[in-house]
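Residue 35 in this note's numbering sits at position 34 of the sequence shown; the count goes up by one each step and never skips. Think of the CB as a built atom: it goes at the ideal place given N, C-alpha and C, for glycine as much as any other residue. In this text, all values refer to a predicted model and were calculated from it rather than measured experimentally.
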Amino acid sequence: MIINNTLIQTIFIVNTIVISILLATVVWSVIRPDHRVWPPPRRRSWQYLLTWIGWLVACALNVCLLFLDWNSWIFGGDLRFLLGLPLVLMGGLLAFWGIVTIGWTNSKGVRDGFRPSGPYRFTRNPQYVGDTVLFVGLSIIANSQLLWITHALLALWFIIAPLSEEVWLKEQYGEEYERYRREAPRFL
Numbered sequence: 002m003i004i005n006n007t008l009i010q011t012i013f014i015v016n017t018i019v020i021s022i023l024l025a026t027v028v029w030s031v032i033r034p035d036h037r038v039w040p041p042p043r044r045r046s047w048q049y050l051l052t053w054i055g056w057l058v059a060c061a062l063n064v065c066l067l068f069l070d071w072n073s074w075i076f077g078g079d080l081r082f083l084l085g086l087p088l089v090l091m092g093g094l095l096a097f098w099g100i101v102t103i104g105w106t107n108s109k110g111v112r113d114g115f116r117p118s119g120p121y122r123f124t125r126n127p128q129y130v131g132d133t134v135l136f137v138g139l140s141i142i143a144n145s146q147l148l149w150i151t152h153a154l155l156a157l158w159f160i161i162a163p164l165s166e167e168v169w170l171k172e173q174y175g176e177e178y179e180r181y182r183r184e185a186p187r188f189l
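Put into structure tokens, the structure is as follows:
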């Protein structure tokens, strides 16, 4: 059990460091849009690789925490499944709908046309809203304090990222984006 606790703590610490780097890069991108990391200037740039490798590592480590720290906190019982599962499904569907609507290339932060349709009629960031709802649902189901912490940090990234993206979107799409920005709320 000591090895397991050490392993869980190590995964949590590494995950927190990776997410903190992601957060630092997006905050940097808001402060210095002329030297932004997110959205990346192009595919295969160091900014693109840093962001997407960081996200892949964070997601993989979150999956590890989900299983290794399963049911270690305060939400005992099956009620957590009744609360969490609908959130996972709704959040996952909203995020997936957003990806399908604007395409995988746009979702990865690379310019591939402006498409304010589908869920983007209701929110400028349906993928971020959906992912946040999904993370809350997973955190409830997993009942892991460590997962709650890492998911909260990732949700913070989702709150900050649009501030960087909006500058980029205005540069890329001009008045078309400005009209859209006035019509659709940032989140809900």
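To the nearest angstrom, how far is the alpha carbon of residue i from that of residue j?
| i | j | result |
| --- | --- | --- |
| E184 | P117 | 10 Å |
| R81 | F97 | 24 Å |
| G104 | V64 | 25 Å |
| V31 | L164 | 6 Å |
| E167 | G78 | 42 Å |
| F159 | P87 | 21 Å |
| N107 | F13 | 30 Å |
| L147 | E176 | 43 Å |
| L57 | I142 | 22 Å |
| P197 | A25 | No answer is possible for residue 197: the residues shown for the chain start at 2 and end at 189. |
| R45 | L83 | 42 Å |
| K171 | F115 | 11 Å |
| R33 | Y121 | 27 Å |
| W74 | H36 | 41 Å |
| V15 | T133 | 21 Å |
| S21 | G55 | 10 Å |
| V137 | T17 | 17 Å |
| T11 | A59 | 13 Å |
| N6 | G119 | 44 Å |
Tell me which residue opens and which closes the alpha helix (DSSP H) that residue i is part of.
| i | result |
| --- | --- |
| H152 | Q146 to E184 |
| N63 | W47 to L69 |
| P127 | P127 to A143 |
| V101 | L80 to I103 |
What distance in whole Å lies between the Cβ atoms of residue j and residue i, which are believed to be in contact at a cut-off of 8 Å?
| i | j | result |
| --- | --- | --- |
| S145 | W71 | 7 Å |
| P186 | T124 | 6 Å |
| I161 | V28 | 6 Å |
| G131 | G92 | 5 Å |
| L69 | L155 | Not really, about 18 Å apart at Cβ, beyond 8 Å. |
| I89 | L135 | According to the sequence provided, residue 89 is Val. The question's Ile does not apply to it. Contact flag correct, Cβ pair sits at about 6 Å. |
| P127 | L157 | About 18 Å; that fails the 8 Å criterion. |
| R112 | Q48 | Actually they are not in contact, since the Cβ atoms of R112 and Q48 sit about 14 Å apart, beyond 8 Å. |
| K109 | W53 | 7 Å |
| V38 | L51 | 7 Å |
Checklist entry - For the region 171-186 against the region 84-103, are there 3 or more C-beta pairs whose distance is under 8 Å? => result no
Checklist entry - Are the region 54-68 and the region 147-162 in contact at 8 Å, needing three or more beta carbon pairs? => result yes
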